[in-house]
DNA sequence: AATTGTGAATTCCTTCACAGCC
DNA sequence: GGCTGTGAAGGAATTCACAATT
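Chains as they are written, first to last, in this note's numbering: chain U, 2 to 217; chain S, 2 to 217.
Have a look at this one:
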């Protein structure tokens, strides 16, 4: 494993590969070539080989990659062997939805707390064993429960403050849904999901149909 | 306005600039320089000037950009003058949340229908004037109501089929939350929001703290 | 024969640096 | 003097193309 700087784009693609490998494993496939894999997405096969080569030599020349092998490797690389414990901050519609989102790997990501500052929301049951707590207890909760990921679904106006709170409590990874650029301190990582930007880029596309946007 | 190919990255940044200009306008600022603007994000001022220069010469040398002017220009460029009419397909938690999401510009994006295939969900009131309809009526609804954006919150297994349905009905812009790569036909545009990828990239970061990921 | 791993070439994106203008 | 607009330079990501390997 090289100690090179690895692009976030590469990491995102590893997730995509892993998902695909899971499907291939379910389908009983033993091996897969970078070419076959590339065919599933709009990718060049060299891209896939390069991405994987950052982390080791996982393939076999003339054969391809052993599905199960590579799957296990990617799980390791992405840090999905260890369980991550997450909280949702902001118990609005989006917070509820994420607390109940079934798409997260339950082995890897557990949402074990949801917080809000609105007294009217505190105590509400989001699902079995999960009810809204006051942000007052957020800091202690993070420490006591070993939370390592915070998902922010608070309004933009509150995001910076909540972000400072969770990072000061030791959280180093934040998934931010507030439409604001958070300034991550050294050692912390923010991923922002900005739905307005997504919709507005679609709007641009609709308004400028002649212009070809790069496909994703 | 040049007929050059414009990167999606540029378009995304235009959204960011617009948001910032709205704030500046609210704060009563008359002008802003690319340098000031750049300071708000982690951007180079030349980047901002280049992004804007694709669409015209909006600045004044020695002065900067007139906030209100540029704001209006960006609204035009992003196609936000015309109202977009959207449907949500998939009335799960995420669908509900998006149908009620307050972060979308209400002048530009209207969610006027929500659909599901589950009979148990059909008829449920999502909010005032919006109740879940059967996907059976989706195609007709899109045509009759002039829907131009579809937001998919269906399971991955159903996404391709629903996608084919909405595009065949004339929708050319899709915001996809299903964890699957949709194959967009010529003339249609998909933006996928993949929450698992986001979380897994955070997991990678947590598992490899030494490795520096490019900041976003 | 097939497919990987990887230098070289290419394309795309960002930043520099400065002429031109207010 | 300050700031834009932009050609040129630099850097990053992708793709090509092929030697190495099974």
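Glycine included, every Cβ here is placed at the ideal spot set by N, Cα and C.
Fair warning: this is a prediction, and the values are worked out from it, not measured in the lab.
Where the alpha helix (DSSP H) containing residue i begins and where it ends
i, result
"residue 143 of chain S", "139–146"
"residue 36 of chain S", "35–41"
"residue 51 of chain U", "46–54"
"residue 116 of chain S", "Residue 116 of chain S -> not in any alpha helix (DSSP H); beta strand (DSSP E) instead, spanning 110–117."
"residue 202 of chain U", "196–208"
"residue 8 of chain S", "Premise fails: residue 8 of chain S is in no alpha helix (DSSP H) and is neither H nor E."
Residue i, enclosing beta strand (DSSP E) - first and last residue
i, result
"residue 151 of chain S", "150–153"
"residue 65 of chain S", "65–67"
"residue 192 of chain U", "190–193"
Coil, strand or helix - residue i by DSSP
i, result
"residue 177 of chain U", "strand"
"residue 128 of chain S", "strand"
"residue 81 of chain U", "coil"
"residue 1 of chain S", "Only positions 2 to 217 of chain S appear in the structure, and residue 1 of chain S is not among them; the question remains open."
"residue 135 of chain S", "strand"
"residue 121 of chain S", "coil"
"residue 92 of chain S", "coil"
"residue 167 of chain U", "helix"
"residue 86 of chain S", "strand"
"residue 73 of chain S", "helix"
"residue 19 of chain U", "helix"
"residue 213 of chain S", "Confidence is the limiting factor: at residue 213 of chain S the pLDDT is only 48, short of 50, which leaves the residue's position unreliable and the question unanswerable from this model."
"residue 160 of chain S", "helix"
Close beta carbons around residue i, own chain, < 8 Å, minus the five adjacent residues each side
i, result
"residue 219 of chain S", "Outside the shown range of chain S, which is 2 to 217, sits residue 219 of chain S, and nothing can be said about it."
"residue 216 of chain U", "Interpretation of residue 216 of chain U is limited by its pLDDT of 47, a score under 50 that renders its predicted location unreliable; the figure taken from the coordinates is listed afterwards. The residues are 43."
"residue 26 of chain S", "68, 69 and 72"
"residue 46 of chain U", "34, 35, 36, 38 and 39"
"residue 130 of chain S", "none"
"residue 125 of chain U", "92, 132 and 133"
"residue 138 of chain U", "116"
8 Å contact criterion, which residue i and residue j should meet: CB distance rounded
i, j, result
"residue 1 of chain S", "residue 99 of chain S", "With chain S represented from 2 up to 217, any question about residue 1 of chain S goes unanswered, as that position is not in the structure."
"residue 143 of chain S", "residue 127 of chain S", "That belief does not hold up - the Cβ atoms of residue 143 of chain S and residue 127 of chain S are roughly 18 Å apart, past 8 Å."
"residue 16 of chain S", "residue 71 of chain S", "About 13 Å separates the two Cβ atoms, so there is no contact after all."
"residue 52 of chain U", "residue 108 of chain U", "Contact doesn't hold; Cβ gap of about 23 Å is too wide."
"residue 95 of chain U", "residue 116 of chain U", "Not quite, the Cβ-Cβ distance comes to about 14 Å (not below 8 Å), so this is no contact."
"residue 40 of chain S", "residue 180 of chain U", "Wrong, their Cβ atoms sit about 19 Å apart, outside the cutoff."
"residue 49 of chain S", "residue 35 of chain S", "4 Å"
"residue 32 of chain U", "residue 64 of chain U", "6 Å"
"residue 163 of chain S", "residue 90 of chain S", "5 Å"
"residue 176 of chain S", "residue 200 of chain U", "6 Å"
"residue 102 of chain S", "residue 183 of chain U", "Rounded, the Cβ-Cβ distance is 19 Å, inconsistent with contact."
"residue 207 of chain U", "residue 173 of chain S", "6 Å"
"residue 66 of chain S", "residue 59 of chain S", "6 Å"
"residue 251 of chain S", "residue 188 of chain U", "Since the first residue of chain S shown is 2 and the last is 217, residue 251 of chain S is not available in this structure."
Cβ shell of residue i (< 6 Å), same chain only, five flanking positions each side left out
i, result
"residue 219 of chain U", "Here chain U has residues from 2 to 217 only, and residue 219 of chain U is not among them."
"residue 118 of chain U", "136"
"residue 23 of chain U", "none"
"residue 157 of chain S", "179, 180 and 181"
Cβ neighbours of residue i in the same chain (closer than 7 Å, five flanking residues each side left out)
i, result
"residue 213 of chain S", "With a pLDDT of only 48 at residue 213 of chain S, under 50, the local geometry of the prediction cannot be trusted, and the value read off the model is given with reservation. No residues qualify anywhere along the chain."
"residue 171 of chain S", "143 and 144"
"residue 279 of chain S", "The displayed coordinates of chain S run from 2 to 217. Any statement about residue 279 of chain S would go beyond what the structure contains."
"residue 93 of chain U", "154"
"residue 140 of chain S", "166 and 170"
"residue 97 of chain S", "127"
"residue 123 of chain S", "117, 133, 134 and 135"
"residue 1 of chain U", "No answer is possible for residue 1 of chain U: the residues shown for chain U start at 2 and end at 217."
"residue 160 of chain U", "153, 177, 179, 181 and 183"
"residue 218 of chain S", "Outside the displayed range of chain S (2 to 217) lies residue 218 of chain S, so it cannot be described from this structure."
Of all the residues that make up the segment 173–191 of chain S, which are near chain U by a beta-carbon distance shorter than 8 Å?
173, 174, 175, 176, 180, 182, 185, 188, 190 and 191
Relative to chain S, which residues along the segment 84–117 of chain U have a C-beta separation below 9 Å, given in chain order?
85, 87, 93, 94, 95, 96, 97, 98, 99, 100, 101, 102, 103, 104, 105, 106, 109 and 110
Chain-ordered residues of the segment 139–172 of chain U with a beta carbon less than 7 Å from chain S
149 and 150
The segment 17–39 of chain S: which residues have C-beta closer than 8 Å to a C-beta of chain U, in chain order?
17, 19 and 20
Pull out every residue of the segment 42–67 of chain U whose Cβ sits closer than 8 Å to any Cβ of chain S, in chain order.
42 and 43
Check each residue of the segment 68–79 of chain S: if its Cβ is closer than 9 Å to any Cβ of chain U, include it; give the result in chain order.
77, 78 and 79
At a CB distance below 9 Å, what residues from the segment 192–211 of chain U approach chain S? Give them in sequence order.
192, 193, 194, 195, 196, 197, 198, 199, 200, 201, 202, 203, 204, 205, 206, 207, 208, 209, 210 and 211
Cβ-based contacts, 9 Å cut-off: residues of the segment 118–131 of chain U near chain S
none
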